[in-house]
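S.K.: One structure is given below, represented as structure tokens, and several questions about it will come after.
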Amino acid sequence: MRPLTEAETRAVFEKLGRYIGENIQLLVDRPDGTYCFRLHRDRVYYLSEKLLKVAASVPRDNLVSPGTCFGKFTKTQKFRLSVTALDFLAPYAKYKVWVKPGSEQSFLYGNHVLKSGLGRITENTAQYQGVVVYSMADVPLGFGVAAKSTQECRKVDPMAIVVFHQADVGEYVRSEDTLT
4 MRPLTEAETR AVFEKLGRYI GENIQLLVDR PDGTYCFRLH RDRVYYLSEK LLKVAASVPR
64 DNLVSPGTCF GKFTKTQKFR LSVTALDFLA PYAKYKVWVK PGSEQSFLYG NHVLKSGLGR
124 ITENTAQYQG VVVYSMADVP LGFGVAAKST QECRKVDPMA IVVFHQADVG EYVRSEDTLT
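In the working numbering, the protein residues as written are 4 to 183.
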């Protein structure tokens with residue numbers, strides 16, 4: 004387990020910035036202590052300074068998951084955000100999308116959000132902006148990328164894709180062997 008390099012930190016913060024903007028600072032300096040990001044086996048973990056000190060005493064081979072996995076670096080060194088980060092992204096999300104109850108199951112199976120399943124969308128959402136997807140009961144379901152801006156969503160046909168799927172809580176069931 005080691006600190007992130009400059010390039011790795013930039014890649015992680017750019018990806019997080021798409022979803023929570025300037026609120027990244029709120030993730031690191033929390034009222035309950037200081038938190039940090041650490042790399043272990045190509046995965047980025049989010050953990051408190053207290054937990055970091057305890058995890059330092061565990062041998063690397065025996066250390067499975069020192070904190071919450073935020074994502075992983077691919078073999079081409081691109082950062083891919085994981086669904087396990089959803090609980091930390093949802094409270095600070097700048098742009099949100101709410102899906103209708105009939106479209107929730109489709110999204111949880113890994114499909115994109117269509118205009119016909121769109122309940123609400125945050126005003127002034129730009130195209131290709133990172134969004135957090137909620138149910139109409141304000142339960143975070145996952146996150147994705149807006150395929151259309153807010154203004155384009157009003158004029159588009161009902162079968163057009165408005166949010167590209169990135170990750171959802173259904174992955175806990177579909178990929179339970181690979182999530183750590």
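Where is the CB? At the ideal position from N, CA and C, for every residue including glycine. The structure presented is a predicted model; accordingly, all values stated were derived computationally and were not measured.
Check valine 47 in the structure and name its three-state DSSP category.
M.R.: In the sequence shown, the residue the question calls residue 47 occupies position 44. Of the three classes helix, strand and coil, the one that applies to valine 47 here is strand, per DSSP.
S.K.: On a CA-only basis, which of Ile124, Ser109 and Tyr49 is nearest glutamine 154? Give me that one, please.
M.R.: One-based indexing of the sequence shown puts residue 154 at position 151. Selected option, being the one with the closest Cα: Ile124.
S.K.: Could you check the C-alpha separation between proline 62 and lysine 18 for me, to the nearest Å?
M.R.: On the sequence shown, residue 62 is found 59 positions in, with the first residue counted as 1. On the sequence shown, residue 18 is found 15 positions in, with the first residue counted as 1. Their backbone Cα atoms lie some 30 Å apart in a straight line.
S.K.: Excluding sequence positions up to five away, which residues of its chain have a Cβ less than 6 Å from the Cβ of arginine 21?
M.R.: For the purposes of this step, residue 21 is taken as residue 18 along the sequence shown, with counting starting at 1. Gly133.
S.K.: In the DSSP assignment, what are the bridge partners of histidine 115?
M.R.: Start at 1 with the first residue of the sequence shown, and residue 115 comes out as number 112. Histidine 115 is not bridged to any residue.
S.K.: Can you list, in chain order, the residues of its chain with a C-beta nearer than 7 Å to that of serine 178? Leave out the 5 residues immediately preceding and following it.
M.R.: Along the sequence shown, one-based indexing puts residue 178 at 175. Nothing listed; no residue qualifies.
S.K.: Candidates Glu11, Pro34, Tyr137 and Asp141: which alpha carbon is nearest lysine 2's?
M.R.: Nothing can be reported for residue 2, as the shown portion of the chain is limited to 4 through 183.
S.K.: In angstroms with no decimal places, state the Cα-to-Cα distance between aspartate 160 and lysine 99.
M.R.: By one-based count along the sequence shown, residue 160 stands at place 157. By one-based count along the sequence shown, residue 99 stands at place 96. Distance between the alpha carbons of aspartate 160 and lysine 99 is about 21 Å.
S.K.: Using 10 angstroms around the beta-carbon of lysine 151, count the other beta-carbons present and answer buried if the total reaches 16, otherwise exposed.
M.R.: Taking the first residue of the sequence shown as position 1, residue 151 is located at position 148. When all chains shown are included, lysine 151 counts as buried.
S.K.: Does any heavy atom of the ligand ZN sit closer than 6 Å to the C-beta of cysteine 72?
M.R.: With respect to small molecules bound, the structure shown includes none, and the ligand ZN cannot be examined in it.
S.K.: Taking 7 Å as the threshold (C-beta atoms), are serine 60 and glycine 36 in contact?
M.R.: Counting from one through the sequence shown, the residue named residue 36 turns up at place 33. Counting from one through the sequence shown, the residue named residue 60 turns up at place 57. For glycine 36 and serine 60, no; Cβs fall outside 7 Å.
S.K.: For alanine 112, which residues of its own chain have a beta-carbon under 7 Å away from its beta-carbon, when the five flanking residues on both sides are left out?
M.R.: By 1-based counting over the sequence shown, the position of residue 112 is 109. The identity of residue 112 in the sequence shown is tyrosine, whereas the question assumes alanine. Excluding five sequence positions before and after tyrosine 112, the CB atoms of its chain that fall closer than 7 Å to its own CB belong to Gly173, given in chain order.
S.K.: Which whole-angstrom value describes the C-beta separation of alanine 170 and serine 109, a residue pair presumed to lie in contact below a C-beta threshold of 8 Å?
M.R.: By 1-based counting over the sequence shown, the position of residue 170 is 167. By 1-based counting over the sequence shown, the position of residue 109 is 106. Not really, about 15 Å apart at Cβ, beyond 8 Å.
S.K.: In the DSSP assignment, find the beta strand (DSSP E) that holds alanine 149 and state where it starts and stops.
M.R.: Along the sequence shown, read from residue 1 onward, the residue named residue 149 stands at position 146. Alanine 149 -> beta strand (DSSP E) spans 143-149.
S.K.: Let's see if you can read the secondary structure: which residues bound the beta strand (DSSP E) around arginine 83?
M.R.: One-based indexing of the sequence shown puts residue 83 at position 80. In the DSSP assignment, arginine 83 falls within the unbroken beta strand (DSSP E) covering 82-84.
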